[in-house]
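Notes follow once the structure below has been shown.
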Amino acid sequence: MSVRVIANPASGRGRGVRALPAVRAAFAAVGVSDVRLTTGAGDERRLALEAAQDGVETLAVLGGDGTWSKVACALVDAGAGTRCRLAMLGSGTGNDFAKTVGVPATDYPAMARLALSGRDALIDVGQIGDAHFLNVAGFGFSAAVLQECERIRWLRGDALYFYAALRQLFRYPGFDATVTMEGGERAARRTRLGLIVCNGRHFGGSFRIAPNASLSDGLLDAITIETAGPLTRAKLFAAATRGTHLAYPEIGERKTTSLTIRWLEPPIYEADGELRRAMSDELEIRCVPGALRVVTGETEPGTRNAATGLR
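Using my numbering, read the sequence shown as starting at 11 and increasing by one per residue.
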């Protein structure tokens, strides 16, 4: 099987460049020496498209959720998402999507072996307008936390997002929007703390935000967080790290193939750990079933991985 590595040295605030020697050694041990580095914005997409054109069968991508998402979305956009497999090598802040897939992303020798001969599965991706996302799209609180992360330069990894979330926990005022699910079911416009549309289960490094999500059910999990007082916010925050927050009345969960969000003005939101600004005050989000092939590990064919819902 032809395997190529795409590495983002800037991922994880320097983790990527420090991991490169170990990644090169792990892949050299299985006979893979084709390693391409990103050097600037847009390189992930360019390198992914080149790999698809070259007929590469597996792309092993060193980075975090943002890097994996850019490569995956480029493959899906090019119609190569089901032909070229994505194997995830973790060097990012949260590495959340790998947790849902269930691969040892930071064990580079293990991932090198899986990239070469591991099993794979077709998974869903999300779509907002013309753009795709791999793990989650977050509105309100989660976007505010990501903006806070950009102001904090002295932390890395899971601790960065956790600390930024704590700083925003009691100060974020909420947002107003109308949410319409498939079939026309509408939630009235009101103030909410957050809306997180999930393909994967994990988010922000420490949070099991959508514990019932599956990557292969053709559905997205929409998690709404209603406004709450300081004590309840603190309880919700702690519960989300354990995945038990769905028991609280302030949390809503709905599985859906699509939803539409209408705002008072175009919002800033986050998708796979990257901030974006919407071009209009209405956003349509939908699930694209079976659009991407990912390396999942060595599970026997036909068995279901209980953690991911993958076969």
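All C-beta atoms, glycine included, are put in the ideal place defined by N, C-alpha and C.
For residue i, list the residues DSSP reports as bridge partners.
i	result
Ser268	Arg296
Asp130	Val305
Ala281	Ala147, Glu284
Ile138	Ala141, Ile295
Ile206	Gly148, Ile233
Ala70	Val15, Ala97
Trp273	Ala187
Ile261	Ile235
Thr201	Asp186
Between which two residues does the beta strand (DSSP E) containing residue i stretch?
i	result
Thr234	230 to 236
Phe185	185 to 191
Arg218	Element bounds for Arg218: n/a, residue is neither H nor E.
Arg14	13 to 17
Gly100	95 to 100
Going by Cα to Cα distance, which pick from the options is closest to residue i?
i	options	result
Leu269	Leu85, Leu30, Glu294, Arg25	Glu294
Ala39	Val111, Tyr118, Gly102	Tyr118
Arg34	Ser43, Val27, Arg28	Ser43
Asp140	Ala249, Val86, Gly26	Val86
Ala62	Gly91, Gly76, Asp75, Ala36	Gly91
Pro240	Tyr171, Gly184, Thr254	Gly184
Gly74	Cys297, Arg166, Glu236	Arg166
Gly228	Gly283, Asp282, Gly136	Gly136
Arg252	Ala223, Thr266, Thr242, Ile219	Ile219
Gln157	Cys297, Arg286, Arg296, Ala301	Arg286
Glu292	Trp273, Asp282, Val304	Trp273
Ser226	Gly210, Thr234, Phe217	Gly210
Lys80	Glu67, Ser21, Val66, Arg123	Ser21
Gly330	Gly215, Asp53, Gly307, Val207	An answer regarding residue 330 cannot be provided, because it is not within the stretch 11 to 321 covered by the chain.
Asp64	Ala122, Ala249, Thr266, Ala88	Ala88
Thr267	Ala223, Ser216, Gly52	Ala223
Gln76	Leu246, Asp282, Val298	Position check: residue 76 holds Gly in this sequence, whereas Gln was assumed. Ranking Leu246, Asp282, Val298 by Cα distance to Gly76 puts Asp282 first.
Leu170	Gly214, Thr254, Met289, Arg264	Gly214
Glu67	Glu54, Arg93, Leu246, Phe172	Arg93
Glu236	His212, Gly112, Thr201	Thr201
Gly52	Pro31, Trp78, Ala32	Trp78
Arg123	Thr234, Ala244, Thr242, Met11	Met11
Ala288	Asp134, Arg55, Gly148, Leu57	Gly148
Glu160	Pro31, Leu302, Glu284, Ala32	Glu284
Val111	Phe172, Ala32, His212	His212
Ala248	Arg56, Thr234, Phe172, Leu144	Phe172
Asp186	Leu57, Ala244, Thr234	Thr234
Ile138	Val298, Thr242, Gly307	Val298
Kindly indicate the opening and closing residues of the alpha helix (DSSP H) around residue i.
i	result
Arg46	From DSSP, Arg46 is part of no alpha helix (DSSP H) but of the beta strand (DSSP E) over 45 to 47.
His110	In the sequence as presented, His is not what sits at residue 110; that position holds Thr. Its alpha helix (DSSP H) spans residues 106 to 111.
Val42	Unbroken run through Val42: none, as it is neither H nor E.
Glu60	53 to 63
Ala84	75 to 87
Thr242	240 to 252
Checking contacts by CB at 7 Å: is residue i closer than that to chain D?
i	result
Asn222	The structure shown contains no chain D, having only a single protein chain.
Taking residue i and residue j to be in contact with their CB atoms under 8 Å, please state how far apart those CB atoms are, rounded to whole angstroms.
i	j	result
Ala84	Leu59	6 Å
Gly41	Leu72	That belief does not hold up - the Cβ atoms of Gly41 and Leu72 are roughly 18 Å apart, past 8 Å.
Ile271	Val146	At roughly 14 Å, the Cβ-Cβ gap does not stay under 8 Å, so Ile271 and Val146 are not in contact.
Leu132	Gly300	4 Å
Arg36	Ser101	Per the sequence shown, residue 36 should be read as Ala rather than Arg. No, Ala36 and Ser101 are not in contact; Cβ-Cβ is about 13 Å, not under 8 Å.
Ala232	Leu203	Ala232 to Leu203, Cβ: 14 Å. No contact.
Val304	Arg95	7 Å
Ala8	Leu99	Residue 8 is absent from the structure shown; the chain starts at 11 and stops at 321.
Met191	Arg264	6 Å
Ala174	Phe217	At roughly 12 Å, the Cβ-Cβ gap does not stay under 8 Å, so Ala174 and Phe217 are not in contact.
Leu246	Ala238	7 Å
Leu302	Ala82	6 Å
Val322	Thr254	Past the edges of the chain, shown from 11 to 321, lies residue 322, and the structure says nothing about it.
At least 3 beta-carbon pairs within less than 8 Å: the segment 40 to 57 vs the segment 12 to 23: yes
At least three beta-carbon pairs within less than 8 Å, the segment 150 to 167 to the segment 273 to 282: yes
At least 3 beta-carbon pairs within less than 8 Å: the segment 97 to 107 vs the segment 179 to 186: no
Sufficient close CB pairs (3 or more, under 8 Å) joining the segment 253 to 264 to the segment 116 to 131: no
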